[in-house]
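**Q** In my numbering, the protein residues as written are 179 to 739.
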RNA sequence: GCGCCUGUAGCUCAGUUGGAUAGAGCAACGGCCUUCUAAGCCGUGGGUCGGAGGUUCGAAUCCUCUCAGGCGCGCCA
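This is the structure we're talking about:
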């Protein structure tokens, strides 16, 4: 449709030029917009505004000259007019819109999804919370956003895998193990204090108890070197299990849990070989006894240490090897979802990609701004180590999974989010998710109603609509609603291109508002069989789009509420 | 000091690669259930788009400067 209109417009301008009514060197690309106001038609073309200077005439005159040469097929276009500063506004024929409804029902759950033309293999890495404690609200935001990004890219025709990077290496694992051991000794009645910089949360005590249950008192008096690996591993695996359970509850499932420890297995290890390759390529160098990656060559502030003077590799070295490994699995695009406190890390990872021989544009970092927690309006410091945090599980218990997901997705990632648990609880009933879900439920109640009164239901609407007379759907309010529905594929494409997940919930709220308003004014089920059928087709299309939109967010679409 | 993000209605936030009269939810106020679900609908009030310049037919959007807030600038992870 857009391509056809583009041709019609371009031909009109060329015809005006040929007729000597316009002069310009080269026609700018034809841009088509969806006007915000119904009075401005269905498609607006601001081409004359861009052409005014070249043509040395006011844009309005340019439009009038061109519009006179527009010839249109009446089954597609019903009216063309010049308005405002010089827009060419096009009104599409009602028949065009009712055909759209049939397309929606035919496409079903795939409506709004786009084919695989430019499909890429994409890896979305997200959450990747250190397995040292439960997920808190901040992790929840990243989890929900990452999952929605994956859903969105899938809908746009990409082949997407989800991955969680498990940071099970490093000093934090030792501290975790020692924290657990202290709790273990305390359970045995020993007088031991938990050092301040250790993990204070109660969950550590639970893990210690489980070790006590399975291993008995065996680790009480042995040297640290003997018990530490056992305690660290046992603790992080238990925590990771809990994290996995919590994410599953949110409908988030990973294709792979990538263990950082795997980067230190084998001979040479992936980390060692990555470093060796970069040294050989002279992209890394030795200085002051350490090995540095020359990231400044690609825009970083300073070079970064990969191997410390004491021979121990850095977290960054793991990440270099990890991203090298990701590319080696054949992904054309990597998306990392990070908390905003890691933004200083982007430049060095981009540089790292370049030095590994990949296009830095192949790596996209989605920065999710921090969630600052409030309790009764007062900021609460959150830290896993201090044990002071609100877990994702607590939030989900209070306000529900759907409302939590919707809440996190209904703002752009760039914006910091203030999360007041008391406020979130209070707003549960007002959460826009119910407004959208309610619209969907209403559609399904209509199916039930019409089955009682007319003896057909959802199945017949989908199966037979193509043979029904939809000519009743021509009034302005109906067309306005249809137009809203048909924006969905464009919204999905736009949101996918920009990784702007929040576009979906905003669109859904507008669509739900349109439907609720229409529902109040117009009866769907009546004695007029043709009208009832036509309106049910309309309702079905609304329900389908809301269902598909909610699916992109991982939010349920209930049939009754 | 340097870098990234943010600043739009009382509050929380949208604003589609620069477009027509800057929008929505909540809060406030006033209406609507004998009818397909009132978790709904209709209406009213509410704005110097942080500020100042600039770019052009046209700026919340782009550029410069500036103010305010958040975050980050380790041979930590």
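Where is the CB? At the ideal position from N, CA and C, for every residue including glycine. Since this is a predicted model, take the numbers as computed values, not measurements.
Hey, would you say residue 388 sits closer than 8 Å to residue 416, going by beta carbons?
**A** Yes; because the gap between Cβ atoms is below 8 Å, this pair is in contact.
**Q** For residue 218, I'd like the list of residues in its chain whose CB is within less than 8 Å of its CB, leaving aside the five on either flank, ordered along the chain.
**A** These residues qualify, in order along the chain: 261, 262, 265 and 267.
**Q** Can you tell me whether residue 394 is buried or exposed? The criterion is at least 16 other CB atoms within 10 Å of its CB, across all chains shown.
**A** By the neighbour-count rule (16 or more Cβ atoms within 10 Å), residue 394 is not buried but exposed.
**Q** Just confirm the distance between the C-beta atoms of residue 703 and residue 631, as a whole number of angstroms; I'd bet it's less than 8 Å.
**A** With a Cβ gap of about 6 Å, residue 703 and residue 631 count as contacting.
**Q** Which partner residues of residue 687 appear in the DSSP bridge assignment?
**A** None; residue 687 has no bridge partner.
**Q** Output the boundary residues of the beta strand (DSSP E) element that contains residue 591.
**A** Segment: none, residue 591 is in no beta strand (DSSP E) and carries neither H nor E.
**Q** Count the other C-beta atoms from every protein chain shown that fall within 10 angstroms of the C-beta of residue 448, then say buried if there are 16 or more, exposed otherwise.
**A** Burial call: buried.
**Q** Out of 205, 204, 220 and 203, which one is the CA nearest neighbour of residue 211?
**A** Out of 205, 204, 220 and 203, 220 has the C-alpha closest to the C-alpha of residue 211.
**Q** Per DSSP, residue 314 forms a beta bridge with which residues?
**A** Bridge partners of residue 314: 569.
**Q** Take residue 669 as the anchor and find which of 330, 254 and 284 has the nearest alpha-carbon.
**A** Comparing Cα positions, the closest option is 330.
**Q** Does the distance from the CB of residue 715 to the CB of residue 270 come in under 8 Å?
**A** No, the pair does not count as a contact, with Cβ atoms beyond the cut-off.
**Q** So, helix, strand or coil for residue 639, using DSSP?
**A** Three-state DSSP puts residue 639 in a helix.
**Q** Cutting at 6 Å between CB atoms, please list the residues of its own chain near residue 736, excluding the five before and the five after it.
**A** The residues are 615 and 619.
**Q** DSSP puts residue 299 in a beta bridge; with which residues?
**A** In the DSSP output, where bridge partners are listed per residue, residue 299 has 337.
**Q** Can you tell me whether residue 698 is buried or exposed? The criterion is at least 16 other CB atoms within 10 Å of its CB, across all chains shown.
**A** Exposed: under 16 other Cβ atoms inside 10 Å.
**Q** Please go through the same chain and pick out, in chain order, the residues whose beta-carbon is closer than 6 Å to the beta-carbon of residue 529, but skip the five residues on each side of it.
**A** Taken in chain order, the residues that qualify are 473, 476 and 478.
**Q** List the whole-angstrom C-beta distance separating residue 327 from residue 628, where the pair is believed to meet the contact cut-off of C-beta under 8 Å.
**A** That belief does not hold up - the Cβ atoms of residue 327 and residue 628 are roughly 38 Å apart, past 8 Å.
**Q** Per DSSP, residue 344 forms a beta bridge with which residues?
**A** DSSP, once it has assigned bridges, lists 437 as partnering residue 344.
**Q** Note the first and the last residue of the continuous alpha helix (DSSP H) segment covering residue 489.
**A** From DSSP, residue 489 is part of no alpha helix (DSSP H); its letter is neither H nor E.
**Q** Note down, in chain order, each residue of its chain lying with its Cβ closer than 6 Å to the Cβ of residue 534, except the 5 sequence neighbours on either side.
**A** Around residue 534: 502.
**Q** Going by DSSP in three states, residue 692 sits in which element: helix, strand or coil?
**A** Reduced to three states, the DSSP call for residue 692 is helix.
**Q** Does the region 512-519 come close enough to the region 536-551 to have 3 or more Cβ pairs within less than 8 Å?
**A** Judged by Cβ distances under 8 Å, the region 512-519 makes contact with the region 536-551, as three or more pairs qualify.
**Q** Compute the distance between the beta-carbons of residue 342 and residue 436, then report whether it is under 8 Å.
**A** Yes, the Cβ-Cβ distance between residue 342 and residue 436 is below 8 Å.
**Q** Tell me which residue opens and which closes the alpha helix (DSSP H) that residue 627 is part of.
**A** Counting along the chain, the alpha helix (DSSP H) containing residue 627 begins and ends at 610-632.
**Q** Out of 199, 198 and 205, which has the shortest C-alpha to C-alpha gap to residue 185?
**A** Here the closest residue by C-alpha is 205.
**Q** Would you check if the distance between the CB atom of residue 690 and the CB atom of residue 724 is smaller than 8 Å?
**A** Yes, these two residues count as a Cβ contact at 8 Å.
**Q** Could you name the residues of the same chain whose beta carbon sits closer than 8 Å to that of residue 685, not counting the 5 residues immediately before and after it, in chain order?
**A** Around residue 685: 665, 666, 669 and 727.
**Q** Determine the extent of the beta strand (DSSP E) in which residue 269 is found, giving its start and end residues.
**A** Taken as a continuous stretch (DSSP letters only), the beta strand (DSSP E) holding residue 269 covers 265-270.
**Q** Return yes when the Cβ of residue 361 is within less than 8 Å of the Cβ of residue 386, no when it is not.
**A** Yes, Cβ-Cβ distance for residue 386 and residue 361 is below 8 Å.
**Q** Give a yes or no on contact between the region 243-256 and the region 186-196, applying the rule of three or more CB pairs nearer than 8 Å.
**A** Cβ pair count under 8 Å is three or more, so yes.
**Q** With DSSP collapsed to three states, give me the class of residue 451.
**A** If DSSP states are grouped into helix, strand and coil, residue 451 belongs with the helices.
**Q** Quick check: the region 578-588 against the region 313-326, are at least 3 beta-carbon pairs closer than 8 Å?
**A** Segments in contact, yes.
**Q** Can residue 509 and residue 300 be called in contact, C-beta distance under 8 Å?
**A** Cβ atoms of residue 509 and residue 300: closer than 8 Å.
**Q** With distances taken Cα to Cα, identify the nearest neighbour of residue 671 among 504, 570, 718 and 289.
**A** Nearest option by C-alpha distance: 289.
**Q** Over the uninterrupted beta strand (DSSP E) stretch that includes residue 543, give me the two end residues.
**A** Where residue 543 is concerned, the enclosing beta strand (DSSP E) stretches over 541-546.
**Q** Considering just the uninterrupted stretch of the beta strand (DSSP E) at residue 257, what are its terminal residues?
**A** Here the beta strand (DSSP E) through residue 257 covers 255-261.
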